[in-house]
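Below is one structure, written out as C-alpha cells; the observations come after it.
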Amino acid sequence: MAQHSRKGAQIQALTANRLADGIVVYLTADNRWSESLQDADVIEGKEAGEALLARAQPAIDGNIVVEPYLFEVVREDGNIRAASVRETIRQAGPTVRLDLGKQAELPGVHR
Amino acid sequence: MYRYDEFDHQLVNERVAQFRGQVARRLSGELTEDEFKPLRLMNGVYLQLHAYMLRVAIPYGTLSSKQLRMLAHIGRKYDRGYGHFTTRQNLQYNWPALKDMPDVLHDLATVEMHAIQTSGNCIRNVTSDQYAGAAKDEIEDPRIVSEIIRQWSTFHPEFSFLPRKFKIAVSGTPDDRAAIRVHDIGIQIVRDGKGEIGYEIYVGGGLGRTPMIGKKIADFVPKEDLLAYLEAIMRVYNMYGRRDNIYKARIKILVHEIGAEEMKRQVDAEFAEIRKTGALHLPAEEVARIQAYFAPPAYETLPDESTELNKAVVADRDFANWVKSNVAAHKVPGYAIVNISLKPIGGTPGDCSSEQMDAVADIAEKYSFDELRVTHEQNLTLADVRKKDLPAVHAALKAAGLATANINLITDQIACPGLDYCALANARSIPLAQQISERFADLDRQHDIGELKINTSGCINACGHHHVGHIGILGVDKKGVEYYQVTLGGAADEKTAIGDIVGPAFTEEQIVDAIETIVTTYLGLRQPGERFIDTYRRIGIDPFKESLYATH
Ligand code: HEM
Ligand code: SF4
Numbered sequence: 185m186a187q188h189s190r191k192g193a194q195i196q197a198l199t200a201n202r203l204a205d206g207i208v209v210y211l212t213a214d215n216r217w218s219e220s221l222q223d224a225d226v227i228e229g230k231e232a233g234e235a236l237l238a239r240a241q242p243a244i245d246g247n248i249v250v251e252p253y254l255f256e257v258v259r260e261d262g263n264i265r266a267a268s269v270r271e272t273i274r275q276a277g278p279t280v281r282l283d284l285g286k287q288a289e290l291p292g293v294h295r
Numbered sequence: 056m057y058r059y060d061e062f063d064h065q066l067v068n069e070r071v072a073q074f075r076g077q078v079a080r081r082l083s084g085e086l087t088e089d090e091f092k093p094l095r096l097m098n099g100v101y102l103q104l105h106a107y108m109l110r111v112a113i114p115y116g117t118l119s120s121k122q123l124r125m126l127a128h129i130g131r132k133y134d135r136g137y138g139h140f141t142t143r144q145n146l147q148y149n150w151p152a153l154k155d156m157p158d159v160l161h162d163l164a165t166v167e168m169h170a171i172q173t174s175g176n177c178i179r180n181v182t183s184d185q186y187a188g189a190a191k192d193e194i195e196d197p198r199i200v201s202e203i204i205r206q207w208s209t210f211h212p213e214f215s216f217l218p219r220k221f222k223i224a225v226s227g228t229p230d231d232r233a234a235i236r237v238h239d240i241g242i243q244i245v246r247d248g249k250g251e252i253g254y255e256i257y258v259g260g261g262l263g264r265t266p267m268i269g270k271k272i273a274d275f276v277p278k279e280d281l282l283a284y285l286e287a288i289m290r291v292y293n294m295y296g297r298r299d300n301i302y303k304a305r306i307k308i309l310v311h312e313i314g315a316e317e318m319k320r321q322v323d324a325e326f327a328e329i330r331k332t333g334a335l336h337l338p339a340e341e342v343a344r345i346q347a348y349f350a351p352p353a354y355e356t357l358p359d360e361s362t363e364l365n366k367a368v369v370a371d372r373d374f375a376n377w378v379k380s381n382v383a384a385h386k387v388p389g390y391a392i393v394n395i396s397l398k399p400i401g402g403t404p405g406d407c408s409s410e411q412m413d414a415v416a417d418i419a420e421k422y423s424f425d426e427l428r429v430t431h432e433q434n435l436t437l438a439d440v441r442k443k444d445l446p447a448v449h450a451a452l453k454a455a456g457l458a459t460a461n462i463n464l465i466t467d468q469i470a471c472p473g474l475d476y477c478a479l480a481n482a483r484s485i486p487l488a489q490q491i492s493e494r495f496a497d498l499d500r501q502h503d504i505g506e507l508k509i510n511t512s513g514c515i516n517a518c519g520h521h522h523v524g525h526i527g528i529l530g531v532d533k534k535g536v537e538y539y540q541v542t543l544g545g546a547a548d549e550k551t552a553i554g555d556i557v558g559p560a561f562t563e564e565q566i567v568d569a570i571e572t573i574v575t576t577y578l579g580l581r582q583p584g585e586r587f588i589d590t591y592r593r594i595g596i597d598p599f600k601e602s603l604y605a606t607h
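Residue numbers (my numbering), protein chains in the order written: chain A, 185 to 295; chain B, 56 to 607.
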C-alpha cells in the first residue's frame, strides 16, 4: 500500500488514533494532539521525521493515542493537505457521507 | 428461531464482563496496545480509518424484530445513526468509541446478541440461505445444521487458534444462495435414493488473494456423523495447515497443494478414528431439540392466488415492478418471500439507518412472524409474508425509503466499505457502486439487461466478493492513485466460477464507462433468454476485450 510512507517524501506530518474513541489526531508543534490536520506540525526530511516520531512516544506510553505514523503532506494556499487519497479521506471523513467526520465537524478542514 | 439457553446467557454475560475489565485496564494503561489488540479483536472491535469499528454477529443471518430494534438503538446511541450489513450476514458500526464498547456489548447481550466469532482465527459466524424455511425446493432448513455447528464450534478449544480464520456456509436447496463453494467448508443438504437426509461437503473454497472454488470431498455424510466429519476436516487442517505464512494459511491452500483426492483420503482416515470413539455421534434427540427452534411459523391455510395482490399489480406500476424483482415464491400457498433492497439508486450498498431498521422491525413484526434475515448480498429478507399483505408491506417499505425494486438487477451491487472506511483499502468501492447505480437507474433498462451482479472490493481481501461477481471490480493502488481492475464471468451460485481479468485497470474516470461498454457488448451479442453470465459463458472474454480496448 502506497499510503503510509512514500520514497522521496519531502514534507510530512504525524497522525495517530486516539485510544479512547479511535478519532484521528495529528501531533502539533507544541506536542498536543489536534483533530485538525491544519494544526499539525509539518516537518521536512528523514531526521526531522524521526524526531517527530520520538515526540509521539510519551502519548503512546501514556495511553493517549495508538498506531502513530508519518505521512506525506503538501502545502497549498496556506493550507496543509494530505498527499494521498487515503490520508485525505482520513482527515476529512468518508467521501460518501459528507455529513460525517471532520468535514462536517471542524471548520476549515477541507478535502 | 433459536433462543439462548442458560448456558449461552451465562457465556455471553461473562464475556461482556470480562471485556469491560479489559477495556478499563487498557484505558488506565495496565494493558499495552500489543496486549489489548488481540482481546479487542476477539470481541469484534477493529480500528479503522476514522474510528473503531464493531462487527456484530447475526448467526446465519436470522434476526427477531426485537434484535433489529436493538441494533437501531445502538446505532443511535453509540454510533452515527446507521449500520452496514455485510456479505457475511453481519452488521458493522463505523464510529463507536472504545470506552462505550462494553455498554454496547451489554445492550446487545440483552437481546441475545454478541460479537463473538466475528474476528480472529476461529470458526466464524456460520452463514446460510436467507430463504431458509421458506424456499420452495428446500430439503431441510439449513439453520438447523448452522446452529448445531455454531454450538459445537463456539469457544471449542481445539478451534480457537486455527492457522487462520475459518468460514462455513450451509445451503438447503439445489439453488445456492449462500455461496457455499467459496467458503472453507460448504455444506449442501441432500437427499439420497432412500429419502434420507445427509450432507455433501465442499472444502477449500475462498476468495481473497488466492481465490479457489471448493472441492467436493464427500457425496453423502449421514446426519448423525456431520460433526465427526467436520471435526475430521478441522484436525487435518490443524495438523497440516500452514502457520508460517499468513497468505498460505487458509485451508484452500492446503487443499490446493495436496489435491482434493489426498484431502479426502486424510479426512476419511481421521473420520474413521473419530468414529471409533463414537464421541461425536450426533444424537437424534439433540437434533430434534434444535430443530424445534426452527419449527415453521403458524401459517394460515390460504388460497395460493390473492385477489388483493392481483388487483394491486394491475393498479400500481411501481408495486408491480417491485413484485417482479423483489418477491420470490414461497413453499406455502398464499405466502411470498419479500426481499428488501438496501441498494437505493446512488446509495451505499448495505447501509441502513436506525430509523429504517425500526421500520423494518415493525413491518416484520406485523407481517412476517416477527422475524427477518440478512442476505450475503447485503439486503434484508422477510421470509413469510401473506400475498394479500404485499401491497401494505410495499407501502410501509416505501414510506421508509426501502422499496427499491432492483433485486438481482444491475443496481443490486455488492460493495465493501473500501477506502471510505477501511484501513486496509487501496481504493474506494462505494462511490463506484453509486455511480454505476446512477448510470443504470432507469428501471426499464435494468429489466432489459436482466440479472447481472456487479461486486466491488477495495483491495485483494475481497470482502466485496469481486472474484465471483458476473462483473467484478477490484480497487488497486498505483502510486497513491486509485485504479480499478475488472473481471468477467464470476459466479457464486451452484455454478461457481472465478472471474477472468479482462485487461489493464481503469481509472476512476474510465471505470463507469467501461462497465457500460461491457453491458452494451453483452446486449448486442446475447441470444433470446440469455442472462449476462450465459452470454459470457457462450462467447468468452474476447468480444469484451475487443470493445473495451480496441479503440483505446
Ligand atoms: C472494514 C473492516 C474490514 C477489515 C479490516 C477486513 C479485513 C479482511 C481481511 C484481512 C480479509 C482477508 C483474510 C484472509 O484472506 O484470510 C477479509 C476477508 C473477507 N472479508 Fe473482510 N474486512 C473488513 C470488512 C468486511 C466487510 C464490510 C465485509 C462484508 C461486506 C467483509 C467480508 C469479508 C469476506 C466475505 C471475506 C472473505 C474472503 C475470503 O474468502 O477469503 N469484510 N477481510
Ligand atoms: S476488501 Fe479490502 S478494502 Fe474492502 S473491506 Fe475488505 S479489507 Fe477493506
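All C-beta atoms, glycine included, are put in the ideal place defined by N, C-alpha and C.
>> Just verifying my parser: in three-state terms, what is the DSSP assignment at A/K191?
In response: With a pLDDT of 47 at A/K191, under the threshold of 50, the modelled position of that residue is not reliable, and the figure given next carries that caveat. Looking at A/K191 - three-state DSSP - the assignment turns out to be coil, as it is neither helix nor strand.
> Which word fits B/T576, buried or exposed, when buried means at least 16 other C-beta atoms lie within 10 angstroms of its C-beta?
Replying inline: B/T576 counts as buried, since no fewer than 16 other beta carbons sit within 10 angstroms of its beta carbon.
> With contact counted as at least three CB pairs below 8 Å, one residue from each stretch, are the stretch 116–123 of chain B and the stretch 401–418 of chain B in contact?
Replying inline: Yes, the stretch 116–123 of chain B touches the stretch 401–418 of chain B.
> Among B/H520, B/E195, B/V567, which one has its Cα closest to the Cα of B/Y538?
Replying inline: B/V567
>> Three or more C-beta pairs under 8 Å: does that hold for the stretch 467–478 of chain B against the stretch 430–448 of chain B?
In response: yes
> Under a three-way DSSP split, which group does B/E426 fall into?
Replying inline: strand
>> Taking the alpha-carbon of B/Y476 as reference, which of A/P242, A/V269, A/E289 has the nearest alpha-carbon?
In response: A/V269
>> Nearest by alpha-carbon distance to A/S220: which of A/V208, A/V226, A/V249 is it?
In response: Measuring from the Cα of A/S220, the nearest candidate turns out to be A/V208.
> For B/K534, which of helix, strand or coil comes out of DSSP?
Replying inline: coil
> Which residues, taken in chain order from the stretch 102–113 of chain B, show a beta carbon closer than 9 Å to some beta carbon of chain A?
Replying inline: L102, Q103, L104, H105, A106, Y107, M108
> Would you say the beta carbon of B/G519 comes nearer than 8 Å to a heavy atom of ligand 2?
Replying inline: yes
> Terminal residues of the continuous beta strand (DSSP E) containing B/L146?
Replying inline: Note, B/L146: beta strand (DSSP E), 146–148.
>> Output needed in chain order: residues of the stretch 136–165 of chain B with a Cβ under 7 Å from some Cβ in chain A.
In response: A152, L153, K154
>> Is the separation between the beta-carbon of B/A517 and that of B/L262 shorter than 9 Å?
In response: Contact flag set, yes.
>> Can you tell me which residues form a DSSP beta bridge with B/M510?
In response: The sequence given here has Asn at residue 510 of chain B, not Met. DSSP, once it has assigned bridges, lists B/I469, B/G527 as partnering B/N510.
> Counting contacts by CB-CB distance shorter than 9 Å, is A/R259 in contact with chain B?
Replying inline: no
> In its own chain, which residues sit with a C-beta less than 8 Å from the C-beta of B/G130, not counting the 5 before and 5 after it?
Replying inline: G136, Y137, G138, Y148, S408, S409, M412
>> What are the residues in the stretch 242–254 of chain A lying within 7 Å of chain B by C-beta distance?
In response: Taking 7 Å as the Cβ-Cβ cut-off against chain B, the residues of the stretch 242–254 of chain A that qualify are N247, V250, E251.
> Using a Cβ-Cβ distance under 9 Å, would B/Q65 count as near chain A?
Replying inline: no
> Alpha carbon to alpha carbon, how far is B/D196 from B/G188?
Replying inline: Their backbone Cα atoms lie some 5 Å apart in a straight line.
> Any idea if B/Y107 is buried or exposed, counting beta-carbon neighbours within 10 angstroms, 16 or more meaning buried?
Replying inline: The residue is buried, with at least 16 neighbouring Cβ atoms inside 10 Å.
> What do you get for A/K191, buried or exposed, if any count of 16 or more other CB atoms within 10 angstroms of its CB means buried?
Replying inline: Residue placement at A/K191 is flagged as unreliable, the pLDDT there being 47, under the threshold of 50; the coordinate-derived value follows with that caveat. The residue is exposed, with fewer than 16 neighbouring Cβ atoms inside 10 Å.
> Quick one: what does DSSP say B/Q185 is sitting in, helix, strand or coil?
Replying inline: coil
> When the Cα atoms are used, what is the spatial distance from A/A193 to A/A200?
Replying inline: A caution first: A/A193 carries a pLDDT of 48, below 50, which makes its placement in the model unreliable, though a value can still be read off. Each residue's alpha carbon lies about 19 Å from the other.
>> I'd like the span of the beta strand (DSSP E) that includes B/S119, first residue to last.
In response: 117–119
> Taking Cβ positions only, does A/S220 come closer than 9 Å to chain B?
Replying inline: no
> Applying a beta-carbon distance threshold of less than 7 Å, which residues of chain A neighbour B/T403?
Replying inline: V280
>> Taking only three categories from DSSP, how would you classify B/S361?
In response: coil
>> Taking only three categories from DSSP, how would you classify A/P291?
In response: coil
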